[in-house]
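Under my numbering, the residue at position 142 of the sequence shown is numbered 142, and the numbers go up by one with no gaps.
The block underneath contains the structure these notes are about, expressed in structure tokens.
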Amino acid sequence: MSHETVYAIASGKGGVGKTTTTVNLGTALAEAGERVAIVDADLGMANLAGFVSLSPDSTTLHDVLSGGASIDDATYRITENIVAVPSGTSLDEYADTSPEGLSDVVAELREEFDYVFLDVGAGVSHETVLPLGLADAVLLVSTPEPAAIHDSKKTLELTERAGGEVAGLVLTRTRPESDVSYDEIAARLETPLLGTIPEDPSARESVYAGTPLVVYRPDGPAATAYKRLAADLAGIEIPTTATEPSVESDGDQSPGGIDQSDDDIGPDTDTVDSSASSTTDDDESGGREAAHDDVSSAITEAESDT
Ligand code: ADP
Ligand code: MG
Numbered sequence: 001m002s003h004e005t006v007y008a009i010a011s012g013k014g015g016v017g018k019t020t021t022t023v024n025l026g027t028a029l030a031e032a033g034e035r036v037a038i039v040d041a042d043l044g045m046a047n048l049a050g051f052v053s054l055s056p057d058s059t060t061l062h063d064v065l066s067g068g069a070s071i072d073d074a075t076y077r078i079t080e081n082i083v084a085v086p087s088g089t090s091l092d093e094y095a096d097t098s099p100e101g102l103s104d105v106v107a108e109l110r111e112e113f114d115y116v117f118l119d120v121g122a123g124v125s126h127e128t129v130l131p132l133g134l135a136d137a138v139l140l141v142s143t144p145e146p147a148a149i150h151d152s153k154k155t156l157e158l159t160e161r162a163g164g165e166v167a168g169l170v171l172t173r174t175r176p177e178s179d180v181s182y183d184e185i186a187a188r189l190e191t192p193l194l195g196t197i198p199e200d201p202s203a204r205e206s207v208y209a210g211t212p213l214v215v216y217r218p219d220g221p222a223a224t225a226y227k228r229l230a231a232d233l234a235g236i237e238i239p240t241t242a243t244e245p246s247v248e249s250d251g252d253q254s255p256g257g258i259d260q261s262d263d264d265i266g267p268d269t270d271t272v273d274s275s276a277s278s279t280t281d282d283d284e285s286g287g288r289e290a291a292h293d294d295v296s297s298a299i300t301e302a303e304s305d306t
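See below:
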């Protein structure tokens with residue numbers, strides 16, 4: 001196979017758009033006909049669960065890593081070509097987990113899927129570093145903020161130490177009026193700028209809707225940027241209809257290529273049960289009904305503390 005199969009989506013700082021990037025790159029490629037697995041490798045702060053209908057006793061990656069389940073048991077089909085492997089959300093489950101088994105999980109998924117995206121936790125803990133070395137390529141995700149860029153440097157170094165390789169930088173939440181040069185940021189990190197994802201309120205709205213952004217608002221600026229990035233990574237064409245200029249696109253918007261008809265994804269989005277999101281917010285993880293936004297900012301705060 002010519003392309004890289006296993007990507008780790010990593011960042012130094014939390015709350016910069018890793019989960020958004022994982023879900024939307026995965027969905028864009030699945031819509032284009034690739035078989036995709038997205039894995040919640042953020043073992044301490046499970047994020048992907050909101051996209052899958054999970055009951056509290058559903059099998060998760062935690063059960064696989066603690067030896068109690070097979071990877072198939074923890075694999076949930078989201079739509080036609082994409083499955084998710086969620087992590088458990090309780091701290092008890094987390095304590096039982098040993099990240100070492102992730103290597104076997106990745107090896108198994110690699111056989112079965114065209115692309116595997118590992119949504120990696122922020123920070124510098126063991127379970128963060130391990131996936132960086134298991135992936136064929138690491139996508140470094142950051143906002144343009146100096147603090148986030150600074151922390152990206154650490155992730156670059158950690159990737160080297162883990163024996164992994166950084167493919168490049170994905171800058172999220174970029175703004176057209178910004179006077180910061182995104183190319184310069186990447187140059188300072190000595191890594192290629194793979195893409196820029198503009199600030200887009202639909203990103204947040206899509207989380208509430210429990211639907212990937214590229215499905216929720218396929219023609220919006222962020223969804224368009226994700227589709228272009230996915231096409232670049234895979235070396236395929238994914239049509240976009242957006243009028244917004246994309247900083248990183250090669251500009252090849254020629255029609256044809258992949259047939260991305262709505263039929264591929266439309267009916268299946270119904271299987272994404274947005275009500276499931278709330279089940280991940282209750283019981284062990286905090287004992288209250290939290291809005292998605294609260295959860296997001298809690299995650300962001302918790303991760304920023306590390
Ligand atoms: P991480 O996984 O790195 O912690 P998330 O993907 O959960 O980050 O994103 C953190 C927050 O930022 C979420 O509320 C998400 O909806 C929002 N977000 C992500 N990308 C964008 C974007 N391009 N524009 C606006 N908001 C975004
Ligand atoms: Mg996340």
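No residue lacks a Cβ here, since even glycine has one placed at the ideal position from N, Cα and C.
_I need the boundaries of the beta strand (DSSP E) containing T79, first residue and last residue._
76-79
*V207 beta carbon near the ligand NAD (any heavy atom closer than 7 Å)*: Although the ligand NAD was asked about, the structure shown includes only the ligand ADP and the ligand MG as ligands.
*asked:* Threshold first: 3 residues or longer. Then list the beta strand (DSSP E) segments lying entirely within the segment 112-169, N to C.
replied: 115-120, 137-142
*Residue span of the beta strand (DSSP E) that contains D63, given as start and end*: Where D63 is concerned, there is no enclosing beta strand (DSSP E), although the alpha helix (DSSP H) it sits in stretches over 61-65.
*Label E184 either buried or exposed according to how many other C-beta atoms from any shown protein chain fall within 10 Å of its C-beta, with 16 as the threshold for buried.*
By the 16-neighbour rule on beta-carbons within 10 angstroms, E184 is exposed.
*For V16, which three-state DSSP category applies?*
coil
_Length at least 4, wholly inside the segment 162-246: the alpha helix (DSSP H) runs in chain order_ = Counting only runs of 4 or more, we get 182-188, 201-209, 213-216, 221-234.
*asked:* Here's the rule: buried if 16 or more other CB atoms are within 10 angstroms of the residue's CB, otherwise exposed. What is A147?
replied: exposed
*Check the DSSP bridge columns for V106 and list the partner residues they point to.*
V106 pairs with nothing; no bridge assigned.
*For G12, the nearest candidate out of G220, L158, A209 (CA to CA)*: Of the candidates G220, L158, A209, the one whose C-alpha sits nearest the C-alpha of G12 is L158.
*Going by CA-CA distance only, name the one from S125, T22, D136, I197 that's closest to A84.*
T22
_Neighbourhood of D73 by C-beta, 6 Å cutoff - its chain only, sequence neighbours within 5 removed_ = Counting only Cβ-Cβ distances below 6 Å, and skipping sequence neighbours, we find T59.
*asked:* Determine whether the beta carbon atoms of G164 and L193 lie at a separation below 8 Å.
replied: No, they are not a contact pair.
_the segment 34-41 contacting the segment 211-228, beta-carbon criterion three pairs below 8 Å_ = Because the criterion of three Cβ pairs below 8 Å is not met, the segment 34-41 and the segment 211-228 do not touch.
*asked:* According to DSSP, simplified to helix, strand and coil, what is V6?
replied: Taken through DSSP and simplified to helix, strand or coil, V6 comes out as strand.
*Ordered along the chain, which non-local residues of its own chain (more than five positions away) have a Cβ less than 6 Å from that of V138?*
A8, A10, L132, T159, G164, V166
_Let's test the definition: count the other Cβ atoms within 10 Å of the Cβ of H126 and tell me whether it reaches 16, buried, or not, exposed._
exposed
*asked:* Is the beta carbon of V6 closer than 8 Å to that of D136?
replied: Yes, the pair counts as a contact, with Cβ atoms nearer than the cut-off.
*Work out the CA separation of R161 and A69 for me, nearest whole Å.*
31 Å
*Thinking C-alpha only, which one of G220, V16, I71 is nearest T241?*
G220
*Tell me whether the beta-carbon of R173 lies closer than 8 Å to the beta-carbon of G15.*
no
_N-terminal and C-terminal residue of the beta strand (DSSP E) that A84 is part of_ = Unbroken beta strand (DSSP E) run through A84: 82-85.
*Pull up the CB-CB distance for L109 and V116, whole angstroms please, since I reckon it's below 8 Å.*
5 Å
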